[in-house]
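Enquirer: Numbering (our numbering), first residue to last: 16 to 322.
Have a look at the structure that comes next, please.
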């Protein structure tokens, strides 16, 4: 019953399956993880973290809970803790494409691009058209000065996921063209196209922020971030339900894991970063926990008594 909750078509069905599972076994780890994620934004983040840690303490092989901790810690700038959780999950489920995609990105975060490429390439061979793997491979090309390779991947029907809409393809193409050329006209076109796309899906807003940071368009990046994370300004999400068939439509894409990666180094170095983290609740979480972002991803963050 716990596994059923993880594959249900919608949140309501998943919740019902999870509740039935915990009624039969209060320690069932998958059902507990599903319920924890659904409560994530109803509880404070420290409670969410404690819930997931409790699941893992009761069930050390709870890969789903470890996967959620991987994303959560990355979203908090705790990249080392995120790596450790993902490695644990990967040892339990070595052929889970999501763990491998995250592993590739984490190698990049820690400056190991050769290892990142190796994992991403092999994962794409094993799971062609897997959306998470494809996205990781594309990001690694896009934001490591290999935009032509990213464009080739974007245009490869053998590996491109089916659930990409036309606005997503246009947004990526304009971004990659601008990154490759750095021509003012291409950058202006990328900003305009990605502004429009950013309102359509959380992941497209995240992609826009990464792209604008790489291009040095920090005012544009902060406009999108303010809309995605604080619901302010003109660049806000048209829907918060996560509905739609596009790869980037799910709410998980709009978490803040992308704020603490190499692509957004310029974004973090901007003086506005501390105020953004204050508005999003990150600083409250860090103070409550007494655990701050890893030193290499703090950027311009100014806080009192950081670890």
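For every residue, glycine included, the Cβ atom is placed at its ideal position computed from N, Cα and C.
Is residue 43 buried or exposed, if buried means 16 or more other CB atoms sit within 10 Å of its CB?
Expert: As a working note, residue 43 is residue 28 in the chain shown. Classification of residue 43: buried, given that the 10 Å Cβ count is 16 or more.
Enquirer: Have a look at 220, 274, 295 and flag the residue whose alpha-carbon is nearest the alpha-carbon of residue 266.
Expert: For the purposes of this step, residue 266 is identified with residue 251 of the chain shown, where counting begins at 1. Among 220, 274, 295, the Cα nearest to that of residue 266 belongs to 220.
Enquirer: Spell out a yes or no on whether the segment 95-106 and the segment 130-142 are touching, meaning 3 or more CB-CB pairs, one atom from each, closer than 8 Å.
Expert: No, the segment 95-106 does not touch the segment 130-142.
Enquirer: If you draw a straight line from the alpha carbon of residue 56 to that of residue 138, how long is it in whole angstroms?
Expert: Counted from its first residue, the chain shown places residue 56 at position 41. Counted from its first residue, the chain shown places residue 138 at position 123. About 32 Å.
Enquirer: In chain order, what residues of the same chain lie with their CB nearer than 8 Å to the CB of residue 95, ignoring the 5 residues before and after it?
Expert: As a first step, residue 95 must be located in the chain shown, where it is residue number 80. So the list reads 309, once near-sequence residues are dropped.
Enquirer: Take residue 287 and list the residues in its own chain whose beta-carbon comes closer than 6 Å to its own, dropping the five residues that flank it on each side.
Expert: Against the chain shown, residue 287 aligns to sequence position 272. Once the five neighbours on either side are set aside, the close Cβ partners of residue 287 are 237.
Enquirer: Specify the secondary structure class of residue 134 as computed by DSSP and reduced to three states.
Expert: Sequence index remark: in the chain shown, residue 134 carries index 119 (1-based). Here residue 134 sits in helix by DSSP.
Enquirer: If you draw a straight line from the alpha carbon of residue 280 to that of residue 121, how long is it in whole angstroms?
Expert: Counting from 1 along the chain shown, the entry for residue 280 is found at position 265. Counting from 1 along the chain shown, the entry for residue 121 is found at position 106. Spanning the two alpha carbons is a distance of roughly 15 Å.
Enquirer: Restricting to runs no shorter than 4 residues, where is the alpha helix (DSSP H) found entirely within the segment 40-80?
Expert: Segments of the alpha helix (DSSP H) lying fully in the segment 40-80: 44-54, 60-73.
Enquirer: What residue ranges within the segment 254-317 form continuous beta strand (DSSP E) runs of no fewer than 3 residues, ordered along the chain?
Expert: The segment 254-317 contains no whole beta strand (DSSP E) run of 3 or more residues.
Enquirer: Return the residue from the list 159, 144, 225 that minimises the CA-CA distance to residue 170.
Expert: The residue given as residue 170 occupies position 155 in the chain shown. It is 144.
Enquirer: Within the segment 151-175, note down every full beta strand (DSSP E) run reaching 3 residues or more, in order along the chain.
Expert: With a minimum length of 3 residues, no continuous beta strand (DSSP E) run stays inside the segment 151-175.
Enquirer: Would residue 72 be called buried (16 or more neighbouring beta carbons within 10 Å of its own) or exposed?
Expert: Here the question's residue 72 lines up with position 57 in the chain shown. Burial call: exposed.
Enquirer: Look up residue 197 in the DSSP assignment and say whether it is helix, strand or coil.
Expert: Counting from 1 along the chain shown, the entry for residue 197 is found at position 182. In this structure, residue 197 counts as coil in the three-state DSSP scheme.
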